[in-house]
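To start, the structure under review is shown below, and the notes come after it.
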Amino acid sequence: MPMEPFTIVCGTAAAIPLPNIDTDVIMPKQFLKGIDRSGLGEAAFHDLRFDAAGRERPDFILNRPGWRDAAFLVVGPNFGCGSSREHAVWGLKQRGVRVLLGSSFAGIFFDNCARNGLLALTLDPAATDALMEVAAGPEPARLTVDLTGCTIASADGRRWSFTIDAGRREALLHGRDHIATTLTRTGAIADFEAGHRMRTPWLP
Numbered sequence: 005m006p007m008e009p010f011t012i013v014c015g016t017a018a019a020i021p022l023p024n025i026d027t028d029v030i031m032p033k034q035f036l037k038g039i040d041r042s043g044l045g046e047a048a049f050h051d052l053r054f055d056a057a058g059r060e061r062p063d064f065i066l067n068r069p070g071w072r073d074a075a076f077l078v079v080g081p082n083f084g085c086g087s088s089r090e091h092a093v094w095g096l097k098q099r100g101v102r103v104l105l106g107s108s109f110a111g112i113f114f115d116n117c118a119r120n121g122l123l124a125l126t127l128d129p130a131a132t133d134a135l136m137e138v139a140a141g142p143e144p145a146r147l148t149v150d151l152t153g154c155t156i157a158s159a160d161g162r163r164w165s166f167t168i169d170a171g172r173r174e175a176l177l178h179g180r181d182h183i184a185t186t187l188t189r190t191g192a193i194a195d196f197e198a199g200h201r202m203r204t205p206w207l208p
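Numbering (this note's numbering), first residue to last: 5 to 208.
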């Protein structure tokens, strides 16, 4: 899945307030058997979305009309804990999720989001609670996330600011993964290699 530049994104927000949702809930283990990434979007949150007979659970937010294609998830604390499976992020992206908003994320999951172009924003509890209230309303609510100005805005005019690591922000703004980011410094890399050869002529 190529990374696409993230500047300003608008979309519907869905509330998933449960704490400690782990990667096995986001992407159950039975969907890790494939040799490629196909079909992971349908597998995301599978056991929350379907019962044992394969029927949709009508009370789960992403099964409800108006929230099926939510671009933003407002999530509970410690989201993405558990195993380090990157498939969880791939599945969320395939479902069309662009932003995760929460008070805390598991470290490896948070880094996997950055590596795959999924914006995960750690917000203070007050902002998280306010956005959870917006997303949990009786009607679908839309948010706008502006990475250029580092703001989140709701349709009713409320606005929240956020901070993000400068390197992650730059990579997301330009749609660069770690390899593409490294390649922006090919000149500096070539200069280092030339200098290294001069300093250590005895090495092959």
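Where a beta carbon is used, it is the ideal one built from N, C-alpha and C, also for glycine. If you're wondering where the values come from, they're calculated on a predicted model, not measured in any experiment.
Asked, Found
"What is the DSSP secondary structure of residue 106, reduced to helix, strand or coil?", "strand"
"Residue 94 lies in the beta strand (DSSP E); which residues open and close that run?", "Looking at the DSSP string, residue 94 is not in any beta strand (DSSP E); the run it does join, the alpha helix (DSSP H), is 91-98."
"Based on DSSP bridge pairs, tell me the residues matched to residue 164.", "156"
"List the DSSP bridge partners of residue 185.", "According to DSSP, residue 185 bridges with nothing at all."
"Taking the beta strand (DSSP E) that residue 15 falls in, what are its first and last residues?", "12-20"
"Is there contact here, the segment 104-117 with the segment 77-88, by at least three beta-carbon pairs under 8 Å?", "yes"
"Helix, strand or coil for residue 3 per DSSP?", "This structure cannot speak to residue 3, because the chain is shown only from 5 to 208."
"Please list the terminal residues of the continuous alpha helix (DSSP H) segment that includes residue 132.", "129-139"
"Below 8 Å on the Cβ atoms is my guess for residue 48 versus residue 96; work out the distance and round it to an integer in Å.", "6 Å"
"So the alpha helix (DSSP H) residue 203 belongs to, where does it begin and stop?", "190-203"
"Taking all protein chains shown into account, decide if residue 116 is buried (16 or more other Cβ within 10 angstroms of its Cβ) or exposed.", "buried"
"Would you mind listing the alpha helix (DSSP H) stretches within the segment 23-59 that are 4+ residues and don't spill past its ends, in chain order?", "27-30, 44-47 and 50-53"
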